[in-house]
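This note's numbering numbers the first residue of the sequence shown as 80 and each following residue consecutively.
Quick reminder that beta carbons are idealized off the backbone N, C-alpha and C, glycines included.
Because the structure is a prediction, the values reported are computed rather than measured.
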Amino acid sequence: MTTETAPSPTSSDSPPPHGEPRVVDVLVVGGGSASETAGPRAAAAGLSVAVVEGSLVGGECPFWACVPSKAMLLAAHGHRRSGSDDHDAAWAWALRRRTDATAGRDDSGKADGLRAAGVELVRGWASVERDDAGGGLARVRRGGGSPDDPGELVDVLRWRTLVLATGSAPAAPPVDGLDDVATWTSDEALSSDHRPASLLVLGGGAVGCELAQVYASFGVRTTLVETAPRLLASENPSVGDAVAQALTGTGVDVRTGVTASRARADGDGVVLELDDGSEVTGERVLLASGRRPRLECVQTLGFDTTGAGALAVDDRYRVLADGRPLDDVYAVGDVNGRAPYTHGANYQARVVADALVGRPREGDETGMPRAVYVDPPVLATGLSADGAREAGHDVVVATQASSDTGRAHVERYDGPGTVELVVDAASGVLLGASVVGPEADSWGGELVLAVRGRLDVELLAEVVHPFPAWGELLLPAAEDARDQVRARRGDEQPGGGAEQPAHTA
Numbered sequence: 080m081t082t083e084t085a086p087s088p089t090s091s092d093s094p095p096p097h098g099e100p101r102v103v104d105v106l107v108v109g110g111g112s113a114s115e116t117a118g119p120r121a122a123a124a125g126l127s128v129a130v131v132e133g134s135l136v137g138g139e140c141p142f143w144a145c146v147p148s149k150a151m152l153l154a155a156h157g158h159r160r161s162g163s164d165d166h167d168a169a170w171a172w173a174l175r176r177r178t179d180a181t182a183g184r185d186d187s188g189k190a191d192g193l194r195a196a197g198v199e200l201v202r203g204w205a206s207v208e209r210d211d212a213g214g215g216l217a218r219v220r221r222g223g224g225s226p227d228d229p230g231e232l233v234d235v236l237r238w239r240t241l242v243l244a245t246g247s248a249p250a251a252p253p254v255d256g257l258d259d260v261a262t263w264t265s266d267e268a269l270s271s272d273h274r275p276a277s278l279l280v281l282g283g284g285a286v287g288c289e290l291a292q293v294y295a296s297f298g299v300r301t302t303l304v305e306t307a308p309r310l311l312a313s314e315n316p317s318v319g320d321a322v323a324q325a326l327t328g329t330g331v332d333v334r335t336g337v338t339a340s341r342a343r344a345d346g347d348g349v350v351l352e353l354d355d356g357s358e359v360t361g362e363r364v365l366l367a368s369g370r371r372p373r374l375e376c377v378q379t380l381g382f383d384t385t386g387a388g389a390l391a392v393d394d395r396y397r398v399l400a401d402g403r404p405l406d407d408v409y410a411v412g413d414v415n416g417r418a419p420y421t422h423g424a425n426y427q428a429r430v431v432a433d434a435l436v437g438r439p440r441e442g443d444e445t446g447m448p449r450a451v452y453v454d455p456p457v458l459a460t461g462l463s464a465d466g467a468r469e470a471g472h473d474v475v476v477a478t479q480a481s482s483d484t485g486r487a488h489v490e491r492y493d494g495p496g497t498v499e500l501v502v503d504a505a506s507g508v509l510l511g512a513s514v515v516g517p518e519a520d521s522w523g524g525e526l527v528l529a530v531r532g533r534l535d536v537e538l539l540a541e542v543v544h545p546f547p548a549w550g551e552l553l554l555p556a557a558e559d560a561r562d563q564v565r566a567r568r569g570d571e572q573p574g575g576g577a578e579q580p581a582h583t584a
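Written as structure tokens, this is what we have:
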């Protein structure tokens, strides 16, 4: 958990409770990016809106996660390209970039933005309950920090509609002895100025891969341990292979297919015992193996949860209770587990905001992008090949495992580059895609649109990219996928010259 404390409330924050609870049309619990999306949109339609937040407005992403990690990754990239071995000076520069990117963890600009949009900001931690009169109550407290000392009651609000945007918190893996050794959560690693001599990273997902590359770039002896057979195990195999190559090239000792079974202190460091009989050592352990939804504020309400412990919702993001959606309670972002990314939370918040102002619609997360900002970055969208098969699709898979383009020649890039397309064999529709390469998070965006729009790979193979652009990497894979689909249909042999079908808008 982060050790940062909430900012001191100002006179413009909520007043102490007095008399009857104040009534708001919409109460948003959690002041992250989803609140910054849903709150102002509802307020613009004339609804009274309050946001309750006990820490920094904006949430994890701008202060402890996405933004500081990207600042550190960019600094690490620049340091590697410079060829300098002055890690101390480079680390000091990286910390300055992190401070600038996070505005020194000052959320006043974001708080002022909510207020300017007509949203009331209530500083504190909410506990939510139902009310016999309909809707419910939220009791807001500050201070405290334990069940025996919940803090001072500073406000009570009666809500007509509740939006839960409480996010998630780092979760420690079940490793014996882990509580007795030096550890960091990802939040703490991105808050600390300390550069350890060595680091053990538990978890080969996006966070673990990114932070392993950051620390290794600044001379930290870094070992990454991942239980799955490859990194980024939920993505296509080519992605994990390319990222492993990139991390190894940065100096990370990548251990996949092994599990940490026990941790023990050894002098000023830590020893992790692995289930293959080997041991790895480091100054401390970075926990990057998962997160858990924050449900503390609604523990007594009996809402349905998923097997992963998230709030169960329908396609309009209404919370379920006894299998039925509640018309006055919504959950967006990490707390519902469906698209645990800042951009996913923002999308869901837009859907909920439409419902709040009388335009209900179902969310459609088809094509939700997944990015990993290692060097080179990863962009994935839609289904992996395994996921598509599990969903009942007969698929063709086309892979371009090369970064050999005009742009690569210009930039003298000879690192990993891969494109993998997953296509429904019967319809030719692009079901999923993954790309690894320089700036892939940008030029791969057309694949997000293609999956979202359920486009035929025939059309994708006809897209013309400017020369020399990284997007040219898509063409060989798109043509391969198109030819495989045609061959399945018996239209022609791969590489043939059959007339192209017409495309309509």
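Presumed contact (8 Å Cβ cut-off) between residue i and residue j, rounded CB distance
i, j, result
"A519", "V564", "In fact, because the Cβ distance is near 24 Å, the residues do not count as touching under 8 Å."
"C376", "V322", "Contact flag wrong, Cβ pair sits at about 36 Å."
"A205", "R218", "7 Å"
"L365", "W263", "5 Å"
"A117", "A432", "4 Å"
Buried or exposed (CB count within 10 angstroms, at least 16 for buried), residue i
i, result
"L326", "buried"
"P495", "buried"
"T460", "buried"
"D255", "exposed"
"D273", "Residue identity check: residue 273 is His in the sequence provided, not Asp. With fewer than 16 Cβ atoms within 10 Å of its Cβ, H273 is classed as exposed."
"Q378", "exposed"
"H488", "exposed"
"R438", "exposed"
"S271", "exposed"
"R160", "exposed"
"F142", "buried"
"E305", "buried"
"L303", "buried"
"A195", "exposed"
"R403", "exposed"
"S506", "exposed"
"A168", "exposed"
"V474", "buried"
Nearest neighbour of residue i, chosen from the options [CA to CA]
i, options, result
"L193", "V398, S114, A124", "S114"
"R363", "S482, L257, A467", "L257"
"L539", "G346, V286, A557, Y396", "A557"
"M447", "V198, S513, T478, W170", "S513"
"S482", "V475, V476, D473, Y492", "Y492"
"H166", "S296, T181, A123", "S296"
"S368", "L311, T384, G346", "L311"
"G319", "P455, H472, L174, R343", "P455"
"A276", "D104, V260, Y294", "Y294"
"V207", "V451, C140, G138, G109", "G109"
"Y452", "V105, A144, V102, E537", "A144"
Collapsed DSSP secondary structure at residue i in the structure displayed
i, result
"P141", "helix"
"M318", "Note that residue 318 is Val in the sequence shown, not Met. Helix at V318."
"M80", "Because M80 sits at a pLDDT of 32, beneath the cut-off of 50, its placement in the model cannot be relied upon, and the following sentence gives the value as read from the coordinates. It is coil, neither helix nor strand."
"L153", "helix"
"D165", "coil"
"Q324", "helix"
"D266", "helix"
"L311", "coil"
"R237", "strand"
"P545", "coil"
"T338", "coil"
"L243", "strand"
"A367", "coil"
"R417", "coil"
"T384", "strand"
"S114", "helix"
"S619", "Beyond the ends of the chain as shown, which are 80 and 584, falls residue 619; an answer cannot be given."
"T302", "strand"
"G222", "coil"
"V377", "helix"
Nonlocal neighbours in the same chain, by C-beta distance under 7 Å from residue i, ignoring five residues either side
i, result
"A248", "M80, R370, R371, R373"
"L462", "A470, V501, L510, G511"
"P100", "L216, V235, L236, R237"
"D559", "A477"
"N315", "S463, A464, E499, S513"
Same chain, Cβ closer than 6 Å to residue i, neighbours up to 5 away in sequence not counted
i, result
"R568", "none"
"A585", "Past the edges of the chain, shown from 80 to 584, lies residue 585, and the structure says nothing about it."
"S340", "E352, D354"
"T338", "T306, D354"
Residues near residue i in its chain [Cβ-Cβ closer than 8 Å; skip 5 each side]
i, result
"E358", "V350, L351, E352"
"G423", "G412, R417, E444, M447"
"D211", "none"
Proximity test, residue i beta-carbon vs the ligand HEM heavy atom, cut-off 8 Å
i, result
"A124", "With respect to the ligand HEM, the structure shown offers nothing to examine, as it has no ligands at all."
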